[in-house]
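Note that the first sequence covers residues 170 to 751 in our numbering. Even glycine gets a Cβ: it sits at the ideal position worked out from N, Cα and C. What follows is one structure encoded as structure tokens, with my remarks underneath.
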Amino acid sequence: MKHQIETLLATAVAELPGLEGPAPTPVIERARDAQHGDYASNIAMQLAKPLRRKPREIAEDLITRIPDSPVLAGVEIAGPGFINFRLSPDAFHQELVRVIDDGQAYGCSDLGQGERVLVEFVSANPTGPLHVGHGRHAAYGACVANLLAATGHEVQREYYVNDAGRQMDILALSLWLRMQDLRGTGLAFPSGGYRGDYLVEIARGAVGDAHTRGLLPMPSDWGAGAPPDAPDGDADAHLDALIENLRERLGIEGFREVLGIGLQSILDDIRQDLGEFGVAYDNFFSERSLVESGAVAEALERVKASGHTYIEGGATWFRATDFGDEKDRVVVRDNGSTTYFASDIAYHLQKRGRGYARLVDILGADHHGYIARVRAGLAATGEPPECLEVDLVQFVVLYRGKDKVQMSTRSGQFITLRELREEVGDDAARLFFVSRSNEQHLDFDLELAKSRTNENPVYYIQYAHARICSVMSAADNQGIQWNEARGKQSLSRLTESHELKLMQALVRYPEMVELAARQRAPQHIVHYLRDLANDLHAYYNAHRFIVEDEALRDARLCLILATRQVLRNGLGLLGVSAPASM
RNA sequence: GCGCCCGUAGCUCAGCUGGAUAGAGCGCUGCCCUCCGGAGGCAGAAGUCGGGGGUUCGAAUCCCUCCGGGCGCGCCA
């Protein structure tokens, strides 16, 4: 609808005399005040300067050039030179019919024209279960992917599995120590190890099998030669010595087997958690595969070939400052191993190599330093740095009513996504996570999320949907069938203020999807749905839908069914269910 | 110290590309079904858009500066 108006106005602008160069594309926005009509444009004010004419005069001129259209009921000039457009009843009726006819597809567009976009999100290190913060990433990323898909982009949803590097060695060591514990050989657990109970669980499942393969048990004085642990010694040095020692004892194969057991079960758990949360991925991309395929080495070659590297202190540095980063970055350490940053360059080059025009990374707010350096890496290797778009997600603070929930592992308070889901439910969690801008810190009130009252936007929106379903089944119980054709023909009977308001809200839905997709801001959808639910509830309270007058009844059912469809579609984008009863 | 994010009603937050009289929810005050689900609706009170300066026809929105809060600045991942 909005685009129709834009096209009409563009025609008028193109005909305007005295314009040098290309005519600016007129911009239409929704009028803030219903008294001003449905849409407004400030084009006349924008043209005032180049044309050296008064805005109101230009507006007058434009109005006479706007082609006649059945969707327009009126065009007026207001204030300093706004052009206000009022939609005709026909325009609303057409749109209502479109909602019914398009069904699930209503609100979708081909705006993206099939552009290939890779959305990478969560990508939590596979060293433990997902926590609450990852839940926000998952909910946000899934919505962004849905929004991009709904607006005609070809979307790939990807999880980057950091299954290479030292953290994996620490995981293997930690798991192996837990397995030892179960065999009764109590060794001191290093302070830098992964202490979570989940590793004990995994160890329990693995210990029997490992034992039969001769990996267990080990002598209890194992690791005695390692430098002291913190607080007296260096925790990292201690850890590294233990890892080296273990690798020697178990051999490369044995070590990898232990590592594999830990990685696999944690990854399975993460997959399951996300799946149950309604977050589906197209691909889990392994960092290790990147290393083993030689992609990292290849990426390094490309960076070196660009001439933007140098050697200092035995390490190879990438001169990121050549591309606007604040400092240069190491890509190969003095010990010969590549850095995480090197993998990152390789990964992003690899994504480009797979044909993705846009790379959307959804990262924690603490990762903002990466953006410049990865872009620098892309630029050095000849890729357009702006193809990488990063959305930073701020932290989540849990509240139980007024009390802040401490999220330290030690406190014993829950911190995992699974526990959150179990406490408040998937729908509430998904909606709460995306109800705020990703750039905003999120206060997540568990009590509010659980409450089944109007305080809770989840239930408020779902209730509107269930209410419509309830009306339909009530009609059914009375032996009344909705006559679709008669309803569509009788839409001119919808003249109550509540009905007009609801229609105005429905028409806005495709614009909201577009806006939310463009800004990657799903909170717009949440706020829109809340408003839509409000309009529905108000209408419900003011009027009855199942009335004697058949034409009016069918028209009203048409309106609420269209509302139900939009609620459903919107909730679908958010990954929240639309129950028929609650 | 440098960089990024944030500061809007008592609380939690929207506010689109700069646009017309800054909006919701909660909380507070008072109302509303003999009815298709009261998990609802209606009305009211409540604001120096952190302070100051600038850009312009117009600033919560852009720029500068100050104040306050969060995060980041490894040959970690």
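At least 8 Å separates the beta-carbon of L671 from that of L617.
Here the region 203-222 makes contact with the region 247-261; the two share three or more CB pairs at distances below 8 Å. By the criterion of at least three beta-carbon pairs nearer than 8 Å, the region 724-743 is in contact with the region 656-663. Every beta strand (DSSP E) of 3 residues or more that sits fully in the region 256-316 is shown, in chain order, as 285-289. Its Cα nearest to that of D259, the residue K657 stands out among K657, G741, N738. Within the DSSP bridge table, the entry for R199 names Y208 as partners.
Secondary structure of Y363 (DSSP, three-state): coil.
The region 309-316 and the region 342-358 do not touch, with fewer than three beta-carbon pairs separated by less than 8 Å.
The C-alpha of T233 is placed about 57 Å away from the C-alpha of F453. The secondary-structure analysis by DSSP pairs D572 across a beta bridge with R569. Secondary structure of T490 (DSSP, three-state): helix. Per the C-alpha coordinates, the member of R569, V529, L675 positioned closest to L287 is V529.
Assignment of beta-bridge partners to Y328 by DSSP yields F453.
A straight-line Cα-Cα distance of about 15 Å links C277 and E284. Of all alpha-carbon atoms in L469, Q273, M387, the one lying nearest the alpha-carbon of L736 is that of Q273. Excluding residues up to 5 positions away in sequence, P239, V240, L241, A242 lie with their Cβ nearer than 8 Å to the Cβ of S257 in the same chain. About 17 Å separates the beta carbons of Y450 and R305, which is beyond the 8 Å limit, so they are not a contact pair.
Nearest to A654 by C-alpha distance, out of E184, H172, D270, A228, is D270. By the C-beta density criterion, K496 is exposed, having fewer than 16 other C-beta atoms within 10 angstroms. In the structure shown, F446 adopts coil according to DSSP, grouped into three states. Taking 8 Å as the cut-off, the Cβ atoms of G744 and G522 do not count as close. Beyond the five residues adjoining it in sequence on each side, A526 comes within less than 6 Å, by CB distance, of E284, R285 in the same chain, given in chain order. If the five residues before and after S434 are omitted, its C-beta is found closer than 6 Å to the C-beta atoms of I371, all from its own chain and listed in chain order.
In this model, R733 and W651 are separated by some 15 Å (Cα to Cα).
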